[in-house]
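Numbering (my numbering), first residue to last: 35 to 379.
The beta-carbon is built from N, C-alpha and C at its ideal position, and this holds for glycine as well.
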């Protein structure tokens, strides 16, 4: 297995400025194959190719949505699979949705990825590789002139369940000589591992944090999200409010709206403890339906959001993206990933 090109040091090259040339090729020009770094002489390039690689994953397939969303299935070096999503809006604002684990062990009932269970954590290099690949796609295939982008850890996995690797990955991404991306452009979405939220904000105070709430009724949230057994709704409210006042960083609460489960007036009333300056509520109508759960109709969704707004909540609705290719949050699940189960077993 080859090492990350990020570990190349002066002893690996003939002249120190070669490292700067390499980083310019990757982080400015979007090159992901060392063969194509033509600013480095051919003999030295061949030496580097023997030992290093720019990305530790390979594109297996891609699916393109009618709304411009592109979902990539990547094969890792050990033949596990992960998915990443390229999102672009009508103003050409770009977001990379990336994975932090192969599968997930949190077991949230609305999340398709959770059905895989946890196969393994991604390394920081595998996380960064997704960003490098999607950046290359943005620059060289989409030809987008404005090279700014956002990153959301909303793909496969619970990022705070592998916090050390995520912290290292964010360090690479925000490093001045790499992408130099501001932490304010990075959002970490979590099911609510409260102690880890404070840990990561201590290092990156301006990082955006989104907590998957989905119900403010303790018993109901336990049915939807098993993590509630460890962190209660009251824990979430009190600790997140303290975090807000400590870091002056407003918390987004994600609320997947499920028909007959968390869409009643009782659910709205229970949310009242989050109706203050510390929180922004993001309503996400369920992206899929199966035999056990389904999405409310548009009338019910509108009524739920209107009622929250009338009560003074700061609330927005997240609209579906890439629905025709199962690219929305909670749908990052691909049949071919089942091949990885054979590796584990």
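Requested in this report: With DSSP as the reference, label residue 314 as helix, strand or coil.
Outcome: strand
Query raised in the report: Would you say residue 185 and residue 219 are within 9 Å of each other, going by their C-beta atoms?
Result: yes
**Report entry** Touching by the beta-carbon criterion (3+ pairs, under 8 Å), the stretch 187-197 and the stretch 221-239
**Finding:** yes
Requested in this report: Return yes when the Cβ of residue 356 is within less than 9 Å of the Cβ of residue 29, no when it is not.
Outcome: Examination of residue 29 is not possible in this model, given that the chain is present from 35 through 379 alone.
Query raised in the report: Any contact of the stretch 204-220 with the stretch 245-259, i.e. 3+ C-beta pairs under 8 Å?
Result: no
Requested in this report: List the DSSP bridge partners of residue 86.
Outcome: 37
Report task. Measure the beta-carbon distance from residue 196 to residue 233 and round it to whole angstroms, keeping in mind my assumption that it falls under 8 Å. Result -> Not a contact, Cβ separation roughly 13 Å.
Query raised in the report: What's the gap between the Cα of residue 239 and the Cα of residue 278?
Result: 10 Å
Query - Coarse secondary structure for residue 378, derived from DSSP in three states - result: Low per-residue confidence applies at residue 378: pLDDT is 49, beneath 50, and the placement is therefore not dependable, though the value from the model is reported in the following sentence. Residue 378: helix per DSSP, three-state reduction.
Query raised in the report: Name the DSSP bridge partner or partners of residue 226?
Result: DSSP lists no partner for residue 226.
**Report entry** Straight-line gap, residue 289 to residue 73 (C-alpha atoms, nearest Å)
**Finding:** 49 Å
Query raised in the report: If you draw a straight line from the alpha carbon of residue 377 to that of residue 113, how long is it in whole angstroms?
Result: With a pLDDT of 49 at residue 377, under the threshold of 50, the modelled position of that residue is not reliable, and no figure is offered here.
Query raised in the report: Fully enclosed by the stretch 195-273, which beta strand (DSSP E) runs are 3 residues long or longer?
Result: 220-224 and 242-246
Requested in this report: Inspect the beta-carbon positions of residue 287 and residue 265 and report whether they are closer than 9 Å.
Outcome: no
Query raised in the report: With a CB to CB cut of under 8 Å and the five nearest residues on each side skipped, what residues in its chain are close to residue 252?
Result: 262, 266, 267 and 268
Query raised in the report: Looking at residue 125 and the ligand MG, is the gap between the Cβ and the nearest heavy atom below 8 Å?
Result: Looking at this structure, you won't find the ligand MG or any other ligand, since it has none at all.
Requested in this report: Could you round the C-beta distance between residue 191 and residue 133 to whole angstroms and report it? I think they count as a contact, below 8 Å.
Outcome: 5 Å
Query raised in the report: For residue 300, which of helix, strand or coil comes out of DSSP?
Result: helix
Requested in this report: Within its chain, find whatever has a CB closer than 6 Å to the CB of residue 110; leave out the 5 residues flanking it on each side and keep chain order.
Outcome: 91
Requested in this report: Return the residue from the list 167, 230 and 96 that minimises the CA-CA distance to residue 360.
Outcome: 96
Query raised in the report: Is it buried or exposed for residue 118, if we count other Cβ within 10 angstroms and need 16 for buried?
Result: buried
Requested in this report: Consult DSSP for residue 5 and reduce its assignment to one of helix, strand or coil.
Outcome: Shown here, the chain extends from 35 to 379; a query on residue 5 therefore has no answer.
Report task. With DSSP as the reference, label residue 144 as helix, strand or coil. Result -> coil
Query raised in the report: Quick one: complete beta strand (DSSP E) runs, 3+ long, within the stretch 53-138?
Result: 91-98, 104-110, 115-122, 128-131 and 135-137
Query raised in the report: For the alpha helix (DSSP H) that residue 344 lies in, which residues bound it at each end?
Result: 332-344
Query raised in the report: Three-state secondary structure (DSSP) at residue 278?
Result: helix
Query raised in the report: Under 9 Å between the Cβ atoms of residue 120 and residue 103?
Result: yes
Query raised in the report: When the Cα of residue 128 is compared with those of 164, 298, 141 and 168, which residue comes out closest?
Result: 168
**Report entry** Assumed close pair residue 206, residue 158 - CB separation to whole angstroms, cut-off 8 Å
**Finding:** 7 Å
Requested in this report: Say whether the stretch 329-341 touches the stretch 289-307, bearing in mind that this needs 3 or more beta-carbon pairs closer than 8 Å, one atom from each stretch.
Outcome: yes
Report task. Would you decide whether residue 229 is buried or exposed? Buried here means 16 or more other CB atoms lie within 10 Å of its CB. Result -> exposed
Requested in this report: With DSSP as the reference, label residue 360 as helix, strand or coil.
Outcome: coil
Requested in this report: Using 10 angstroms around the beta-carbon of residue 108, count the other beta-carbons present and answer buried if the total reaches 16, otherwise exposed.
Outcome: buried
Query raised in the report: Looking at the unbroken beta strand (DSSP E) that takes in residue 43, where does it start and where does it end?
Result: First-last for residue 43: undefined, no H or E at that position.
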